[in-house]
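Notes for the one structure printed next.
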C-alpha cells in the first residue's frame, strides 16, 4: 500500500463524488520559459492549450514515415506494446515508442515540447508514458470520457496532479474524424469514480474503458460549466493538456485516419508510488516506474 | 421479380462498381415553388440543402414534447416500429410516426417541407418512410455510410431516384454529437455494393448496417471529389437530401442527445415494385407499399 497520503481517493464508494483539485495547474519555479504569460494563463484556466502548426510539414512527414515503418514491422507488431482494434489486427496504439524509435525519442526531447512541460510543471520532467494512436479511417472506435489522472493515480500510483499530456497530430484533425474532445475547466474538479478495479484490468481497458469511468451526472455538470471543445487543425498542430482534464473522442467512419503521438511528461518530484487501488502496478510500457533522471533536451546544434 | 427494368443493379457482383446516375436530381414540372433558383441549383449540385431555423423554437418544443410522450409510452415501446439500441432498451428509432402521432402527421404535411419535396421531385409526393431517430447522449452509436436509395431499390423495390429525405433537428446539432455527415456530389454516382442480401436482414440492419455497405475504395473516391460536410445548427434546422446522397454519422459520447425526425418523400410516379434483390419486401413501416394518393398540405388557416 502507498506510503504517501491519498489526497484523491476513487473507486471506493458506490456513489460518484466531485472534489476540488488541491494541486496547482501551472507550478511556480519554472526552469524554462517557453509559453507567453497569456498562454500560460489560458492553460491554467482551461486545462489545455492548442498550438496550431507547432511542427512543420517536413517534420510531420518524417514522423509519419517512421510510423509507417513501425506499424508494418512484424517485430513491432509482435510486441506487447502494440495494441490492435477490438476484433481485428489493425494497429490501434503502440506504447513506449520513444524507447524503441530514435525518431520518437528525439521528438520527446524536442524543446518545443519539453520546455513547455518543464515550464508548466515547474520542475524537470521525464516521460511517464508515450504512445502513438492510430484512429484508422472507416472504423476508428470511440474513446469514452476519462481523466488520465484518475487512472494513473489509482492504477499506477501517481501521487499528485503534476503531469501533462501532449498530443501531436500526424494527420489533419477535422471536426468529423474523431478528434480529441476536452471539457474546458474540468481539470479543476476530481471526479471520483464508483466501483472496484479488477486484476489485469489494463489489458481490456486499453481497448475499451470499463473501470474508472466517470458517471453521467458528473459529466453533465462539467459540460454545463465548461462545454466541449474539439481543437481542429492541420497535421503538426499540438494540444497540451493537464493530466486531470476530462477528454474523449467519438468514432471515425470517415476515410480520413487520425493519427497522433502522445507523450506524458511527469514531474521528477511526482514519481510513482504503489497504486492507490491496492493492486499490482500495470506494466512498464503503460507507466514508467522508478526514479528517472531529468529528460535532456535534444541538442539539434 | 420486378416488371420494370433494373437500371441500378447492386449486390450481384463480387466487385463494387461505380455507375452514373441516370435520373434527374431536380425534376422539371414542379407543382410548387418554394426554393429559390439558387437553392435549387445548390441542391442539384451538392445533393443536399441545409436550411437553418426553418422551424421556430415553439414548434420544436411541441415536437420534443410529443417525442417524450411517444418514447415513454409502453404502448409505443411495444410496437414493432420501435427500435432499441444494441444491448439496451434505450429507444433508438421509431418508424411510421406520422401514422400514429397527429403532431408528426401534421409536420409531414407542413408546406415548408411538402412544397420543397414537390418542387424538387416535380410531382405530387407521398411519405415512403417516417421515423424519429434518437441518438442519446453518452452512448449514441454510429451509422455507417450508405445511400438510402441502394437499400430502397434493392430491398423495397423503389424503381428510380425520385425521392428525398428531410431531417429536422429536434436538438442542436453540434460538430461533436454525431451529426449527419454527407458527401457533397455523391448523389450523382451509384455505388453498386458487393454480396447478396440475406432474408429478414432488415431486423439487424436497422441496428447496424451490414449489407448494402459501400466499399472503402468507392467512399474514398467520393470524398476525394466532394469532401465531407456535417451541417450544424440549432434545433429547428433542416437538411433536405437526395435519396442517393452518401451519408452517415459518428458515435456520440457527449452528454448532448441528438434527435431528428426524418420524412422520406417519394414521387407518386415512383411507387414501389417488387424488391430488386428478389427477396420478399420489408414490412410496411420500413417502406410504404402500394399506390398512394398525393399527400395533402396541412391547412393551418
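Residue numbers (my numbering), protein chains in the order written: chain Y, 151 to 451; chain D, 151 to 451. C-beta: ideal position from N, C-alpha, C; glycine also. Just so it is clear, the structure is predicted and the values come from calculations on it, not from any experiment.
Bridge partners for residue i per DSSP, in chain order?
i, result
"residue 402/D", "290/D"
"residue 296/Y", "397/Y"
"residue 314/D", "392/D and 415/D"
"residue 161/Y", "For residue 161/Y, which the question treats as bridged, DSSP gives no partner whatsoever."
"residue 233/D", "243/D"
"residue 193/D", "In DSSP, residue 193/D forms no bridge with anything."
"residue 409/D", "284/D"
"residue 228/D", "For residue 228/D, which the question treats as bridged, DSSP gives no partner whatsoever."
9 Å is my cut-off, CB to CB: does residue i come that close to chain D?
i, result
"residue 357/Y", "Confidence in residue 357/Y is poor, its pLDDT being 47 and thus under 50, which makes the residue's placement unreliable; the coordinate value appears in the next sentence. No, its Cβ sits nowhere closer than 9 Å to a Cβ of chain D."
"residue 404/Y", "yes"
"residue 434/Y", "no"
"residue 257/Y", "no"
"residue 369/Y", "yes"
"residue 366/Y", "yes"
"residue 362/Y", "no"
"residue 169/Y", "no"
"residue 287/Y", "yes"
"residue 373/Y", "yes"
"residue 202/Y", "no"
"residue 445/Y", "no"
Take the Cβ of residue i as the centre, count every other Cβ of all protein chains shown within 10 Å, and call the residue buried at 16 or more, exposed below.
i, result
"residue 310/D", "buried"
"residue 306/Y", "buried"
"residue 279/D", "buried"
"residue 358/Y", "At residue 358/Y the pLDDT is 45, less than 50, meaning the model places this residue with poor confidence; the figure from the coordinates comes in the next sentence. It is exposed - the Cβ of residue 358/Y has fewer than 16 other Cβ atoms within 10 Å."
"residue 392/Y", "buried"
"residue 328/Y", "buried"
"residue 225/Y", "exposed"
"residue 215/D", "exposed"
"residue 430/Y", "exposed"
"residue 258/Y", "buried"
"residue 291/D", "buried"
"residue 170/D", "exposed"
"residue 197/Y", "buried"
"residue 185/Y", "buried"
"residue 267/D", "buried"
"residue 362/Y", "buried"
"residue 417/D", "buried"
"residue 222/D", "exposed"
"residue 449/D", "exposed"
"residue 191/Y", "exposed"
"residue 315/Y", "buried"
"residue 247/Y", "buried"
Answer with yes or no whether the minimum CB distance from residue i to chain Y is below 9 Å.
i, result
"residue 166/D", "no"
"residue 319/D", "no"
"residue 409/D", "no"
"residue 345/D", "no"
"residue 385/D", "no"
"residue 396/D", "no"
"residue 378/D", "yes"
"residue 399/D", "yes"
"residue 325/D", "yes"
"residue 328/D", "yes"
"residue 292/D", "yes"
"residue 331/D", "yes"
"residue 127/D", "This structure gives no information on residue 127/D, because the portion of chain D shown stretches from 151 to 451."
Taking the beta strand (DSSP E) that residue i belongs to, which residues open and close that run?
i, result
"residue 278/D", "275-285"
"residue 340/D", "339-342"
With respect to the alpha helix (DSSP H) encompassing residue i, which residues constitute its N-terminal and C-terminal limits?
i, result
"residue 167/D", "Per DSSP, residue 167/D belongs to no alpha helix (DSSP H); it is in the beta strand (DSSP E), 167-170."
"residue 186/Y", "Careful: residue 186/Y lies outside any alpha helix (DSSP H) and carries neither H nor E."
"residue 271/D", "261-271"
"residue 220/Y", "207-222"
"residue 199/D", "That residue, residue 199/D, is in no alpha helix (DSSP H); its beta strand (DSSP E) goes 198-201."
"residue 253/Y", "252-258"
"residue 373/D", "366-376"
Given 8 Å as the limit, tell me if residue i has its C-beta closer than that to any heavy atom belonging to the ligand SAM.
i, result
"residue 181/Y", "Only the bare structure without any ligand can be found here, which leaves the ligand SAM out of the picture."
Report task. Could you tell me whether the region 366-381 of chain D touches the region 334-345 of chain D, using the rule of 3 or more Cβ pairs below 8 Å? Result -> Look at the beta carbons and you see the region 366-381 of chain D touching the region 334-345 of chain D: at least three pairs across the two are nearer than 8 Å.
**Report entry** Inter-stretch contact at 8 Å, needing at least 3 Cβ pairs: the region 400-413 of chain Y / the region 268-275 of chain Y
**Finding:** The answer is no - the region 268-275 of chain Y does not touch the region 400-413 of chain Y, with fewer than three Cβ pairs under 8 Å.
Query raised in the report: For the region 405-419 of chain Y against the region 432-450 of chain D, are there 3 or more C-beta pairs whose distance is under 8 Å?
Result: Counting Cβ pairs under 8 Å, fewer than three are found: no touch.
Query raised in the report: Okay, do the region 317-327 of chain D and the region 379-387 of chain D touch, 3+ Cβ pairs below 8 Å being the bar?
Result: Per the Cβ contact rule, the region 317-327 of chain D is in contact with the region 379-387 of chain D (3 or more Cβ pairs under 8 Å).
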